[in-house]
Each structure stands twice: as structure tokens, then as C-alpha cells.
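The structure under discussion appears below in the form of C-alpha cells.
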Amino acid sequence: MSNAAIIIRLLLLSAVFPLLILPVAGRWDWMMGWAVALVMAATTLASRLLLLKKDPDLLQERARSFSAEDAQPWDKVLAPAMAVSPLLVMVTASLDERFQWSADVNPAVQLTGLAIVIAGFSFGTWAMLANRYFSGVVRIQTDRGHRVVSTGPYAIVRHPGYSGTVVACLGLALALSSWWALIPTALAIAVTIVRTSLEDQTLMSELTGYAEYASKTRYRLVPGLW
2 MSNAAIIIRL LLLSAVFPLL ILPVAGRWDW MMGWAVALVM AATTLASRLL LLKKDPDLLQ
62 ERARSFSAED AQPWDKVLAP AMAVSPLLVM VTASLDERFQ WSADVNPAVQ LTGLAIVIAG
122 FSFGTWAMLA NRYFSGVVRI QTDRGHRVVS TGPYAIVRHP GYSGTVVACL GLALALSSWW
182 ALIPTALAIA VTIVRTSLED QTLMSELTGY AEYASKTRYR LVPGLW
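My numbering puts the last residue of the sequence shown at 227; the count rises by one with no breaks.
Next up, the structure:
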């Protein structure tokens, strides 16, 4: 896929967020819905444009990763499930807004949630830019000279991209004032824990140097916890 085609696809993807949140909520004057939609669109587009500038080869890898034949069989299920988890959180929150299932939260809490969303996706973007093997699926990238990356956010946790996604999902539920959205958030966390465990096992057994790296960077997702 050409870089131009990838950019066009990213622009279309960025447009999905307001078209997903606001119609599902049944209103176009939902200010926090607009704020979340714009943040999601901006972070998605900005992270990929930064990647295009820094490492276009990785952008190509991510564009074709879901069709990779050497992806771990279990990740052909878990990777898409994790990829759509923020969308599920937003859809649930939008339905909550339409039907008023949850009581409104304090605007300060919503703004804090929005800041958490930005922080989560920024941390994930940092991980992507720091790791040229940041594929969309779990596979040992022998075709790309796969090796251990231990710098940047990888000196903090072993799977910082996943950490960022979980943090962002929690922030989305708060920003959109939806306690019901914590249900798909909990499911996202469960999927992330399973995927992290399986990926760790794969890397331990198949990627040279990963076991040594894991002995130094002890925590997988949350420093001091797991």
C-alpha cells in the first residue's frame, strides 16, 4: 500500500470518530462528545503522520499486519478485539448519553478524563515511535531484523502501547460521563491482560535477548503492579 493511500485511509478513519459518537448519542450539540471525537481524530492522525516521517517502513508494516501469515493464531482474534475496544467504549458512552442511563459527573472529572485520554494515547504513540517493530499483530519479524527494544517507554514497562490503550479507555468513560462505558473498558482490560501474557510467552521463547530484558524491566503493563 502506498503512503498516499495510507494517509487517505487515516483521514477517513479520523472522520469516523465524530460520525460515530454524535449520531449514536442522537445529538450534534454534545460538547464533550465533540471534544473526545476531535481528540481521537487528532491523536490518530498525528501519531501516524509522525510515524510516516520517522519510520515509513513501520507504517507499511502496520498497514499490512492483519494479513500477516506468521501472526500468532491467537492474536488474529485478540488484536482486532483490542483495536476496537476504544470504539466500543465510545459507542456505549454515546448510547448512555442518548438514553441517560448514568447520572452526569462533575465537569472537572470529565476534563480530567479527557486529559487521561490524551496522556494514554500519547504514551502509546511514544511507544510506537520508539519501537520500529511495533506491529499491529504479534509476530517475530525475522524479515525486518526483529530485536529487543529497551529504551524510552520500554524502560518503564514491557508493553507500553497496551498500557496507553487501557489508560485511554478509562479516560474515555470519564470524559463522556458514562459509568456504563466502564463495562467495555473492563473487557478491554481483560483482553489486554490475556494478550500481554501470551505475547510475553512468545517473546520469551522466540526473541533473542527478551528474557534478559524482562529480568531488568520487571513489569508488563503497570509499574509496581504487573
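For each residue, glycine too, the CB sits at the ideal point set by N, CA and C.
Query, Result
"Would you mind listing the alpha helix (DSSP H) stretches within the segment 72-113 that are 4+ residues and don't spill past its ends, in chain order?", "76-84, 86-100"
"Just to check my reading of the structure: Leu173 and Val25 have Cβ atoms closer than 8 Å, yes? What is that Cβ distance to the nearest angstrom?", "In fact, because the Cβ distance is near 14 Å, the residues do not count as touching under 8 Å."
"Select from Met205, Ala212, Gly34 the residue whose C-alpha is nearest the C-alpha of Pro108.", "Gly34"
"Would you call the CB atoms of Ser136 and Ser86 closer than 8 Å?", "no"
"Find the nearest neighbour of Pro185 within the set Glu207, Lys55, Gln101, Val90, judged by alpha-carbon distance.", "Val90"
"Could you give the distance in angstroms between the alpha-carbon of Val78 and the alpha-carbon of Ala215?", "25 Å"
"In whole angstroms, what is the alpha-carbon distance linking Ser48 and Thr126?", "6 Å"
"Measure the CB-CB distance between Pro154 and Ala189 and report whether it falls below 8 Å.", "no"
"In angstroms, rounded to a whole number, what distance separates the CA positions of Trp181 and Ser198?", "27 Å"
"Are the CB atoms of Phe122 and Ala169 nearer to each other than 8 Å?", "yes"
"How many Å lie between Gly225 and Ile157 at the Cα?", "10 Å"
"Classify Trp76: buried if its beta carbon has 16 or more other beta carbons within 10 angstroms, exposed otherwise.", "Note on identity: in this sequence residue 76 is Asp, with Trp being the wrong assignment. When all chains shown are included, Asp76 counts as buried."
"Which residues mark the beginning and the end of the alpha helix (DSSP H) in which Gly162 is found?", "161-176"
"Quick check on this structure: which residue in Gly162, Ile117, Thr44, Asp30 has the alpha carbon closest to the alpha carbon of Ala80?", "Gly162"
"Assuming contact is defined by CB atoms lying nearer than 8 Å, are Ala128 and Gly165 in contact in what I supplied?", "yes"
"To the nearest angstrom, how far is it from the Cα of Val223 to the Cα of Met83?", "17 Å"
"Please state the DSSP three-state secondary structure of Ser151.", "coil"
"With 16 as the cutoff for other CB atoms within 10 Å, does Ser179 come out buried or exposed?", "buried"
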